[in-house]
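Okay, so here's the structure we're looking at.
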Amino acid sequence: MALICYSHGLASYLERLTATWSYKERPAYVGEFHALGQRWGAPEGPDESIRNTDTVQFWEHDLPRHMAELASELPLRDRFDAVVVDEAQDFADDWWGPLLAALRDEEAGGIYVFSDEGQRVFDRQGVPPIQLVPLVLDHNLRNTRQIADSFTPLVGQRMRLLGGEGPEVLFVPCAAEDALTVADDQIDSLMDEGWRPEDLAFAQSLLRAHEQGCSQTYRGCVGCRPPPGSRHRRSG
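Under the working numbering, the first residue of the sequence shown is numbered 3, with each subsequent residue one higher.
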């Protein structure tokens, strides 16, 4: 099985998590989509932080076509019985071909896709070229009730909040131009209280932080509140 995503941060987390599993339970591959291509022999490509016409052409079109060719030549032992894609809303159309080509059996093999359109960061509309059975996950197990309640207005569906109790959310008012500094200070305060760096995350909207009028802090995440309807990214 392969467990695949797009972002560096999520891939790193999944690698650490699955490293604690027993050998028999551990996926054959855990990591980024593009790193899988490099494992097969594809070139590293340009700097991902540079986004222009040429880099987009490489990462979203040229590389996946090359990966599909490489996948078609993989020996059976290097193929996957199933592929799980997390945060699939970040995927581009051409990225699905290599994953399907890497299955041991395209008919019997499994593709499992976890996606949240409310967390779309990139201007991509990648849809798997196969029929999927949609299952709506409307139980929030990850966040405490206090955190989930705070963000309910930003969620487009009703959720059952089953994550348990936690500290109250702390809203920290500040001037717009001070938002990043204040948020950074809140992170320092949490670390001084004993919170581990890996348990903290900084989140902000795609709009520049100084355009926001407030910052908010809660156990597990610090950041600026995105305006309703805006897209946002998540780090950590």
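C-beta: ideal position from N, C-alpha, C; glycine also. Being a predicted model, the structure only gives us computed values, none of them experimental.
How would you label Ala4, buried or exposed, when you count the other beta carbons within 10 angstroms and need 16 or more for buried?
buried
Three-state class that DSSP yields for Pro66 in the structure shown:
helix
Could you tell me the distance, in whole angstroms, from the CA atom of Asp190 to the CA atom of Ala205?
15 Å
To the nearest angstrom, how far is the alpha carbon of Ser217 from that of Met161?
Summary for Ser217: the model assigns pLDDT 38, below 50, so the residue's position carries little reliability, and this model does not support an answer.
Of the choices Trp42, Gln133, Ile149, whose alpha-carbon is the least far from that of Glu75?
Trp42
Is the beta carbon of Leu105 closer than 8 Å to that of Val2?
Since the first residue of the chain shown is 3 and the last is 238, residue 2 is not available in this structure.
Per-residue burial, Ile149 [other beta carbons within 10 Å of its own, 16 or more giving buried]
buried
Taking Glu17 as part of the alpha helix (DSSP H), name the residues at either end of that continuous run.
10-20
Among Pro130, Arg126, Cys7, which has the Cα closest to the Cα of Ala37?
Cys7
Among Ser152, Gly11, Gly196, Gly47, which has the Cα closest to the Cα of Met1?
Given a span of 3 to 238 for the chain in the structure shown, any question on residue 1 remains unanswerable.
CA-CA distance, Gly215 and Leu156?
Note on Gly215: pLDDT 39, under 50, position unreliable in the model; no value is reported.
Please list the segments of the beta strand (DSSP E) lying wholly inside the stretch 108-195, counting only runs of 3 or more residues, in order along the chain.
112-115, 172-175
For Phe93, the three-state DSSP class (helix, strand or coil):
coil
Decide if Glu200 is buried, meaning its Cβ has at least 16 other Cβ atoms within 10 Å, or exposed.
exposed
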